[in-house]
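Presented below is the structure to which this report refers.
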Amino acid sequence: IRKGEDYHNIWSSGGGLSQKYTLDYNARIDSDNASYLRRPELDLLSTTPESARRWLARDCGAQSIDDFGSIVMFRKNYPGTRPYFQDMFYDATTIMARTRKSENASFMFTFTSNPHWPEIKRNLFHKKQKIVDRFDIICRIYEDKLRHLHYLLNKKNIFGKILGYGESREFQKRIGGPHLHRVFCTDIPAIPVNIENLIWAHIPEEPAAEDKSNWANFIRKVRELIEHHQLHDCAEHCKKANGKCKKGFPKPFSNITVLHENKPAEYKRPSPENGGEVLKIKRGKHTIIYDNSRVVPYNPLILVMFECHHNLEFAYGQTDNLKYALKYPFKGSSFSYVRSETTGLIHVDEPLQYARMIYRSPTEAYSRILSYKYAFLSHVVLALTIHLPENQRVYFTHRTANQTLGNIDGGDLPETPLTSYWNLCNKDPTFSILFENMPETYAFNKNTRAWKKLKIDPKNKNRKPRIGRIYTVSPREPEKFALYLLTKHFAGSYENLLNVNGHICDTFVEAGRLRGLLEDNEVWERTLREGSTYLNPSQMRLLFANILVFGGTEKCVIDGLYLWNMFIDHFYDRRCTEAERPIRIDRALALIEKLLLSQGRNLGEFNLPSPNNPLINNPDRALDAFFFPHNLNDDEMDETIDVSVFDRAQLNQAQQNFFNLIRASVLDPSANNKLFYISGDGGTGKTFLLNYVIYKLRELRQKVLATASTGIAATNFYSGGMTFHSAFRFGKDVEPGVIPSIPLESYFGRRIIEANVIVIDEITMLNKTVFENVDILCRTLIPQFQDKPFAGKTVIISGDWKQSLPVVRESSAPGAQVAASIQSSDLYRRFEKHRLMQNMRVIPAEIQFKDWLYSIGTGQVGDSVIIPLAMRVNSRQELYTFVFNTGFDAPVNQLLKRLILSPTNRIVDLINDEIIALIDSPEHVYLSRDNPTSENPFAYNLADYDVVQLNRLTPIGMPAHNIKLKVGAIIVLLQNLNTQKGLCNGTRMIVRRLHQDLIEAETISGSSDRGIRIGICRVRNSYKELRPDGVSFERFQFPVRVAFCMTITKAQGQTCERLGIDISDEPFAHGQTYTAFSRCRSGENIRVFAPGKIPDNNGNISMRNVVARGIRFD
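Below, the structure written as structure tokens:
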């Protein structure tokens, strides 16, 4: 880098002048590139897609797309610009989607430069020279370090074999030091023990002074470097407006590493009370004590080898980490709009805006001059183009124009990669490689214009693997877009793509619709036609109501009247005389109106006729039907609810005392206390007592609003309850003090106002914000009682604090869950607490099992639970055999009472895939239709909005894009279709028939063993990430997923006779261990599979038991 002590380089010793010279030199390069792009023959006005010009017109305020004069934009091969990062981001997402496996670990790694590296200090010309003036040294040394880091990661496999990675470089704003972000996936299993070995987030224990071993010296070095590089101080620049750290420090303590699917991992960070180390560091006159909550996650080997700050994180999400790693290093608008005074036209000049707004440090400018890469990818990504048959792009010059046109007229079109692929498929009908996967094993010869098999030299270890991707196509080109989707999902020539189950389609759009990939106005007609063959009138009415409620959007309104007229004879029992027919039709309309009203809709919204004396015009009758339901069934043969169990019930003393308190509170308006909390372990009759109270109060003509925080819990009420959010009209996101707008005289307003009693079950999962907002809502609707909690109503809440607490989006720490629970609300302190203690079960083994469960739920056993030897199995196959010992052809009342649980969706999906493969019946694949709900063709993360990229996402609570089902498979509903009928989020069913647009399934009605069948249609689901650049899209899919196995959280409220628990991933949240074991009444019917667990000296195997500190088991 320097030649002796007397060597003097003007560029390296010019200080600020050298910086200015470097920046100007780089600016000249940019200017030359911009001048080239501004040449008239390169004007992009004619080749810019109309959809992109339309977006530009809206963004700059133009009246129409004809107001543009010229459009100048960067090319994707110009590093550091928007198109460059768009293309690299798309390539990286393709790599990660192809190589990443859910069972393997993925990481996000940030590696920064250290201005105090000895190599840098040795090469300063004199002691007074500033590091910022030696940007050349910083760049070259960092590049050298980076090459060595790549060698360790990619060749030495220090994190396991790298399956794929995407990497981008950025430059700090102060001294301009380079740093990189890398997301990479590996072949090591994603289990806590592996992550704990690779990622440290704690200060290691200091070795004994007499220990001089290599390991002891290594740990001493790690402690020294942590002090200099890996401790986070929450300075002002990293604080939010509320004073909290943007990075989430201090982090919560944890004795072990816990992996989450939708939240950052909890790394091992023992607290000082649990033996965690601390560092005392002198900062000026003060000594600051740092514990493990301030340690930035790191890898000890990299820390010692490179002696610089870095951050190593377990990559838990699907796109978030990758998006951060490949973001381009400038923000704001990418365009400059200039209106010409002479022509009045608007000229779009991206290089001009780039030059005006970009901040570039001398270090970055020097890197650009030396052509250092901004991004690195593990694979060579070859982009392929889609075009319609005989519609490929043709290139020619002025000299060859006539000859080319003659060839086109003669049908002699040039071969493209796509047409050559179609020819391959025609020659070999069994050819099954997707078009976008061709580059992996084939190469397109540009001379012969044909695909040829690749000859791969296994000895060439420097060769990067190849993958392909298809350039995205805008939905505004419907035929081409349909071909794009079909080609992404199915192999074969275009003739084969047009063949759908023997039907030859006229267009690709028609084929896409029949395969479920495109919006289809006839889908509801086909759904009802399929249902009319097998479903009875009651089931058809429910199917029709669900189509109306969940099938349409503001942009896609369903023609309810057309469907009603077409299928009217299937909505009532046609075994009647012609004179009775109008009466039956009117009753069918009334029953459909009742179904719609339960979802907050009415017949008029869908242009349907009103029945005689409609409920919507008679709210008194509607409210009476709601508060005093007499019929459980809604078909022509009314079936009275069996309430004799309540009439002959013999309550124990505690139950009778509680009922007497409630009755007195309701009947006496002047009663001092109207707020009650009731709890009780399994077997104490808590659920029965709640139903008894509701039934007896309704006998007294008291209006009871029975709700629960989950749909499954709402079905436990004898007449069918409601979810809490539905009853009080809350949406998904609830803010403190913000209540829904409900008119006083509306059906929903009067329902809340007239309710004498509110019952809320499973209160432990309810966020305190929602709970407090209901109090505000009641006081707002009933202002004369606004000085009383819940406007003076009697409120009964019930729950088990040993089970799961509210889900907190920002944090997975138990402390955050406690803070979000209603125990942290002042309202909860006003409730009179009651607990049922007498166990109504007389079997000694069950009582002993319940006592064991209580010790788990309250944390008496500690933070781990020994798995009894009798419960342990040695393989998943043994687990499957035990749980499903009667086979998959068992009656519905047996099969649905068998369940496997696991803490994470990763293992759940793995188990479900393995079990459904065991069912001997044809597989049916249902594909979703995904549409982005925002448009910005110039966003750097444009790849996020490609439909195929959206297909890869499965947000929590949303069905997957690709659902594979078989007749006999167990599925679970993901949406509340009708809680009164027990069809809610969490209801398990058995698939009985599979149609193109309808799934027939059978479930159990309430507490009986009688199977009932329903038809499930597709529904629309919307998703929006909370990030400003977050993805938002709509998915049209069946609201189900395979459910032989479920997550523990999802299974809360389920009960079963045979239970399997797979703890390949450990329980990570409060109450999960208790919730899992308490799904079954007897320990004899539970088996646990615990792979990777090492027995202790006594042969015992333990599993994690998380019990939040601060929770009270009232």
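When we follow full-length UniProt numbering, the leftmost residue of the sequence shown carries the number 1, and every step to the right adds one. Positions of the beta carbon are idealized from the N, C-alpha and C atoms, including for glycine. Source: prediction; values computed, not measured.
Residue i burial status per 10 Å Cβ neighbour count (16 or more: buried)
i, result
"Ser670", "exposed"
"Gly1110", "exposed"
"Met837", "exposed"
"Gly243", "exposed"
"Val258", "buried"
"Gly177", "buried"
"Ile843", "exposed"
"Thr441", "exposed"
"Gln860", "exposed"
"Ser361", "buried"
"Pro1034", "Per the sequence presented here, residue 1034 reads as Glu, with Pro not at that position. Buried, since its Cβ has 16 or more Cβ neighbours within 10 Å."
"Phe658", "buried"
"Val557", "exposed"
"Lys263", "buried"
Closest Cα partner of residue i within the set the options
i, options, result
"Arg809", "Gln817, Gly531, Ser371", "Gln817"
"Ala383", "Phe435, Tyr36, Pro389", "Phe435"
"Phe717", "Phe728, Ser726, Leu705", "Leu705"
"Ser31", "Cys238, Asp349, Leu312", "Asp349"
"Leu1072", "Ile547, Trp801, Lys452, Asn885", "Before going on, a small fix: residue 1072 reads as Gln here, not Leu. Ranking the options by Cα distance to Gln1072, first place goes to Trp801."
"Ala590", "Arg751, Ala708, Leu608, Ala819", "Leu608"
"Ser254", "Leu918, Gly815, Val645, Asn893", "Gly815"
"Leu998", "Ser361, Thr687, Leu927, Val296", "Leu927"
"Met566", "Glu525, Gly862, Met96", "Glu525"
"Leu1059", "Arg1112, Gly1099, Phe884", "Phe884"
"Asn447", "Ser420, Lys427, Gln823", "Ser420"
"His228", "Lys280, Arg574, Ser361, Ile847", "Lys280"
"Tyr562", "Thr954, Glu593, Asn521, Arg574", "Asn521"
"Pro207", "Ile568, Pro429, Glu277, Leu974", "Glu277"
"Phe1036", "Asn194, Gly551, Glu495, Ala34", "Gly551"
"Pro959", "Val967, Ile971, Ile678, Ser371", "Ile971"
"Val967", "Leu950, Asp946, Val991", "Val991"
"Pro204", "Gly512, Asn26, Glu210, Trp215", "Trp215"
"Arg529", "Glu519, Asp569, Glu224, Val549", "Asp569"
Residue range of the unbroken alpha helix (DSSP H) whose run includes residue i
i, result
"Asn905", "905 to 916"
"Ala216", "214 to 229"
"Ala545", "537 to 550"
"Gly166", "Careful: Gly166 lies outside any alpha helix (DSSP H), inside the beta strand (DSSP E) at 162 to 171."
"Leu303", "300 to 306"
"Ile141", "135 to 150"
"Thr419", "417 to 427"
Run of the beta strand (DSSP E) containing residue i, from where it starts to where it stops
i, result
"Thr186", "178 to 189"
"Asn951", "Counting along the chain, Asn951 falls outside any beta strand (DSSP E), though it belongs to the alpha helix (DSSP H) covering 947 to 951."
"Phe111", "104 to 112"
"Arg1058", "1058 to 1062"
"Trp451", "450 to 453"
"Gly531", "Where Gly531 is concerned, there is no enclosing beta strand (DSSP E), although the alpha helix (DSSP H) it sits in stretches over 523 to 534."
"Pro814", "No beta strand (DSSP E) contains Pro814, which is instead part of the alpha helix (DSSP H) from 814 to 820."
"Arg1104", "1102 to 1104"
"Pro932", "929 to 932"
Is the segment 761 to 781 close to the segment 732 to 747, with three or more CB pairs under 8 Å? Contact holds between the segment 761 to 781 and the segment 732 to 747, because three or more Cβ pairs, one in each stretch, are under 8 Å apart.
Which full runs of the beta strand (DSSP E) of 3+ residues lie inside the segment 713 to 786, going along the chain? Every beta strand (DSSP E) stretch that sits fully inside the segment 713 to 786 and reaches 3 residues is listed by chain position as 757 to 761.
Note down, one range per segment and in chain order, each alpha helix (DSSP H) of at least 4 residues found wholly within the segment 968 to 1052. The qualifying runs do not exist here; there are none.
Can at least three beta-carbon pairs, one atom from the segment 266 to 273 and one from the segment 221 to 241, be found at a separation below 8 Å? Touching, no.
Alpha helix (DSSP H) runs wholly inside the segment 547 to 627, at least 4 long, in chain order: Runs of alpha helix (DSSP H) with 4 or more residues, each lying fully within the segment 547 to 627, are found at 560 to 567, 581 to 598, 619 to 627, listed in chain order.
Mind the definition here: the segment 659 to 675 touches the segment 1013 to 1022 only if three or more C-beta pairs lie below 8 Å; say whether that holds. Judged by Cβ distances under 8 Å, the segment 659 to 675 makes no contact with the segment 1013 to 1022, as fewer than three pairs qualify.
Quick check: the segment 965 to 985 against the segment 486 to 497, are at least 3 beta-carbon pairs closer than 8 Å? With the cut-off at 8 Å, the segment 486 to 497 and the segment 965 to 985 do not touch.
Does the segment 1031 to 1050 touch the segment 891 to 911, meaning 3 or more C-beta pairs lie closer than 8 Å? Yes, the segment 891 to 911 touches the segment 1031 to 1050.
Counting pairs of beta carbons, one from the segment 1092 to 1106 and one from the segment 300 to 311, are three or more of them closer than 8 Å? Contact fails: fewer than three Cβ-Cβ distances are below 8 Å.
Between the segment 694 to 709 and the segment 750 to 760, do three or more beta carbon pairs fall short of 8 Å? Contact between the segment 694 to 709 and the segment 750 to 760 is present, because at least three Cβ pairs lie under 8 Å.
Three CB pairs or more closer than 8 Å across the segment 117 to 137 and the segment 188 to 195: Output reads no: the segment 188 to 195 does not touch the segment 117 to 137.
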